[in-house]
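Engineer:
Protein chains: 2
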Amino acid sequence: MKLLEERIKKDGKVLNGDVLKVDSFINHQLDVPFLCALGKEFKRLYEGTPVTKILTVEASGIAIACLTAQYFGVPVVFAKKSKSSNIGDDLYSAEVKSYTHGNVNRILISKDFLKVEDKILIIDDFLASGNALRGLIELCDQAGAAVQGCGVVIEKAYQNGGALIRQRCRVEALARISSMDERGVCFVESGS
Amino acid sequence: MKLLEERIKKDGKVLNGDVLKVDSFINHQLDVPFLCALGKEFKRLYEGTPVTKILTVEASGIAIACLTAQYFGVPVVFAKKSKSSNIGDDLYSAEVKSYTHGNVNRILISKDFLKVEDKILIIDDFLASGNALRGLIELCDQAGAAVQGCGVVIEKAYQNGGALIRQRCRVEALARISSMDERGVCFVESGS
Numbered sequence: 001m002k003l004l005e006e007r008i009k010k011d012g013k014v015l016n017g018d019v020l021k022v023d024s025f026i027n028h029q030l031d032v033p034f035l036c037a038l039g040k041e042f043k044r045l046y047e048g049t050p051v052t053k054i055l056t057v058e059a060s061g062i063a064i065a066c067l068t069a070q071y072f073g074v075p076v077v078f079a080k081k082s083k084s085s086n087i088g089d090d091l092y093s094a095e096v097k098s099y100t101h102g103n104v105n106r107i108l109i110s111k112d113f114l115k116v117e118d119k120i121l122i123i124d125d126f127l128a129s130g131n132a133l134r135g136l137i138e139l140c141d142q143a144g145a146a147v148q149g150c151g152v153v154i155e156k157a158y159q160n161g162g163a164l165i166r167q168r169c170r171v172e173a174l175a176r177i178s179s180m181d182e183r184g185v186c187f188v189e190s191g192s
Numbered sequence: 001m002k003l004l005e006e007r008i009k010k011d012g013k014v015l016n017g018d019v020l021k022v023d024s025f026i027n028h029q030l031d032v033p034f035l036c037a038l039g040k041e042f043k044r045l046y047e048g049t050p051v052t053k054i055l056t057v058e059a060s061g062i063a064i065a066c067l068t069a070q071y072f073g074v075p076v077v078f079a080k081k082s083k084s085s086n087i088g089d090d091l092y093s094a095e096v097k098s099y100t101h102g103n104v105n106r107i108l109i110s111k112d113f114l115k116v117e118d119k120i121l122i123i124d125d126f127l128a129s130g131n132a133l134r135g136l137i138e139l140c141d142q143a144g145a146a147v148q149g150c151g152v153v154i155e156k157a158y159q160n161g162g163a164l165i166r167q168r169c170r171v172e173a174l175a176r177i178s179s180m181d182e183r184g185v186c187f188v189e190s191g192s
């Protein structure tokens with residue numbers, strides 16, 4: 001998606017060779033009108049695919065998931081990373097290694113909100129190693145819900161997560177990074 | 001707001017006398033079209049008030065903040081509860097005691113995204129003790145940004161947080177609970 005690639009080139013910052021900082025518009029400050037445009041693009045890409053619910057994981061997936069969900073007219077469920085006092089005990093859970101935080105989280109979702117009849121679109125901000133998406137797919141498998149596909153804003157296409165997840169389901173990435181370093185970011189050419 | 005009071009009566013669950021579980025539509029599963037209606041109501045209430053940015057705190061504030069921000073046409077910034085590897089070091093921070101999790105968090109925001117010229121509307125899901133709002137106001141004070149007001153979905157009006165925060169700034173709550181127990185929830189009458 002040209003609009004997103006240009007924005008990443010303009011406002012993204014590459015740290016330590018492999019961390020892409022997009023916190024001025026995607027995951028700390030949120031450019032809401034811009035994220036709405038990304039949400040409409042997910043809707044265009046998945047037009048005709050039945051979706052009953054969008055699934056994401058806290059915290060940075062929530063914004064793009066909600067702003068996308070309004071174009072599908074469906075609810076969002078976000079998996080939680082800690083057990084708060086009011087989530088209840090009847091849960092699905094999966095382990096996810098966090099690339100950014102360098103630790104392992106258990107992600108949790110109440111069984112009330114993921115059902116065998118659900119048709120799930122998974123939305124997240126980043127796809128790199130694929131650990132978060134794999135964890136979310138595992139939650140869907142535990143519930144017997146159908147995974148219709150994944151939509152991610154940015155894919156680090158030089159890591160193997162995308163290839164692994166695509167063996168399982170459709171994945172749409174709005175920007176696919178082929179390489180990056182302190183001098184800048186290069187994208188996989190569209191259509192390739 | 002009648003629509004919200006009815007939804008709380010229908011789908012909210014009171015646990016242990018003082019925990020209101022609204023996780024089927026507000027903070028685990030998110031009823032996005034419904035939250036959009038709440039966002040429009042915040043816009044109506046703050047019509048004419050200059051707002052350059054909406055501030056909230058992860059994770060449960062992000063959805064309502066983003067869906068509200070689209071009607072204001074402004075970005076959201078969410079304060080983070082942990083220092084991820086890519087947030088940077090130039091931060092404002094404040095301590096917040098979490099009512100739900102029973103611990104103390106330090107909330108953090110990059111100085112890049114809160115400026116002296118900003119006019120801030122703070123949005124969150126709950127107001128009870130007022131600790132989260134107080135922490136967010138403290139971040140604004142550190143930056144010298146103007147707090148134009150707060151908008152919360154649900155206020156536990158029988159706790160003292162609302163009174164404390166209203167000494168400092170305008171607070172709009174879409175539903176104000178006067179009392180609740182396992183038999184149900186009562187609301188402060190509109191206009192009172």
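Protein chains in written order, with this note's numbering: chain A, 1 to 192; chain B, 1 to 192. The beta-carbon is built from N, C-alpha and C at its ideal position, and this holds for glycine as well.
#1: What runs of the beta strand (DSSP E), each 3 residues or longer, lie entirely inside the stretch 109-160 of chain A?
#2: Since glutamine 29 of chain B sits in a beta bridge, which residues does DSSP pair it with?
#3: Please classify threonine 56 of chain A as buried or exposed, where buried requires at least 16 neighbouring CB atoms within 10 angstroms.
#4: Closest to leucine 3 of chain A by CA distance: which of A/Asp181, A/Ala175, A/His28, A/Glu182 is it?
#5: Kindly list the residues whose CB is nearer than 7 angstroms to the CB of alanine 59 of chain B, restricted to its own chain and excluding five residues on each side of it in sequence; keep chain order.
#6: Is serine 24 of chain B close to chain A, meaning its C-beta is less than 8 angstroms from at least one C-beta of that chain?
#7: Mind checking if isoleucine 120 of chain B is an interface residue toward chain A, Cβ cutoff 8 angstroms exclusive?
#8: Take glycine 88 of chain B and list the residues in its own chain whose beta-carbon comes closer than 6 angstroms to its own, dropping the five residues that flank it on each side.
#9: With which residues is glycine 184 of chain A paired in a DSSP beta bridge?
#10: Starting from the beta carbon of aspartate 31 of chain A, find every residue of chain B whose beta carbon is closer than 7 angstroms, and list them in chain order.
#11: Is any beta-carbon of chain B found at less than 8 angstroms from that of isoleucine 62 of chain A?
#12: For a contact defined as C-beta to C-beta under 9 angstroms, what are the partners of phenylalanine 113 of chain B on chain A?
#13: Hey, out of B/Gly12, B/Leu15, B/Lys40, B/Asn105, whose CA is closest to isoleucine 123 of chain B's CA?
#14: Using Cβ-Cβ distances below 9 angstroms, what residues of the stretch 40-56 of chain A are close to chain B?
#15: Under a three-way DSSP split, which group does threonine 68 of chain B fall into?
#16: What does a CB cutoff of less than 8 angstroms around alanine 128 of chain B pick up in its chain, not counting 5 residues either side in sequence?
#17: Counting along the chain, where does the beta strand (DSSP E) carrying glutamate 6 of chain A start and finish?
#18: So which residues of chain A does cysteine 36 of chain B contact, with C-beta pairs closer than 8 angstroms?
#19: Out of A/Asp23, A/Gln167, A/Cys140, A/Arg183, state which residue places its alpha-carbon closest to the alpha-carbon of tyrosine 92 of chain A.
#20: State yes or no: is the C-beta of lysine 80 of chain A within less than 8 angstroms of the C-beta of isoleucine 107 of chain A?
#21: On the DSSP letters alone, give me the boundaries of the beta strand (DSSP E) that threonine 56 of chain A sits inside.
#22: Please state the DSSP three-state secondary structure of serine 192 of chain B.
#23: Answer yes or no: does any C-beta atom of chain B fall closer than 8 angstroms to that of alanine 127 of chain A?
#24: Tell me lysine 97 of chain A's beta-bridge partners as DSSP assigns them.
#25: Assuming glycine 149 of chain A and tyrosine 46 of chain A make a contact with CB atoms under 8 angstroms, what is their CB distance in whole Å?
#26: Evaluate aspartate 31 of chain A with the Cβ neighbour count: other Cβ atoms within 10 Å of its Cβ, from every protein chain shown; 16 or more gives buried, anything less gives exposed.
#27: For valine 19 of chain B, report the span of its beta strand (DSSP E) as first-last.
#28: Checking 8 angstroms against the spacing of the C-beta atoms, do phenylalanine 34 of chain B and aspartate 11 of chain B come in under that value?
#29: Identify, in the order they occur along the chain, each residue of the same chain with its Cβ nearer than 7 angstroms to the Cβ of lysine 115 of chain A, setting aside the five sequence neighbours on each side.
#30: If the cut is a Cβ gap below 9 angstroms, which residues of chain A does glutamate 6 of chain B touch?
Structural biologist: This is what the structure holds:
#1: 119-127, 146-156
#2: A/Val77
#3: buried
#4: A/Ala175
#5: none
#6: yes
#7: Isoleucine 120 of chain B does not count as touching chain A.
#8: Correct list, in chain order: Ser110.
#9: Under the DSSP definition of a beta bridge, glycine 184 of chain A partners with A/Asp181.
#10: Those within 7 angstroms of aspartate 31 of chain A in chain B are Pro75.
#11: yes
#12: Asp23, Ser24, His28, Gln29
#13: Distances from the CA of isoleucine 123 of chain B to each of B/Gly12, B/Leu15, B/Lys40, B/Asn105 were compared; the closest alpha carbon is that of B/Lys40.
#14: Lys53, Ile54
#15: The answer is helix: DSSP assigns threonine 68 of chain B an H, G or I state.
#16: Excluding sequence neighbours, alanine 128 of chain B sits near Tyr99, Glu155, Lys156, Gln159, Gly161.
#17: Run containing glutamate 6 of chain A: none in the beta strand (DSSP E); it sits in the alpha helix (DSSP H), 2-11.
#18: Those are Gln70, listed as they occur along chain A.
#19: A/Cys140
#20: yes
#21: 53-57
#22: Low per-residue confidence applies at serine 192 of chain B: pLDDT is 42, beneath 50, and the placement is therefore not dependable enough to give any value.
#23: For the sequence presented, residue 127 of chain A should be read as leucine rather than alanine. No, its Cβ sits nowhere closer than 8 angstroms to a Cβ of chain B.
#24: A/Val104
#25: Sure, about 6 angstroms apart at Cβ, within 8 angstroms.
#26: Classification for aspartate 31 of chain A: buried.
#27: 19-21
#28: no
#29: Ala143, Ala145
#30: Result: empty, since nearest Cβ-Cβ is about 18 angstroms, beyond 9 angstroms.
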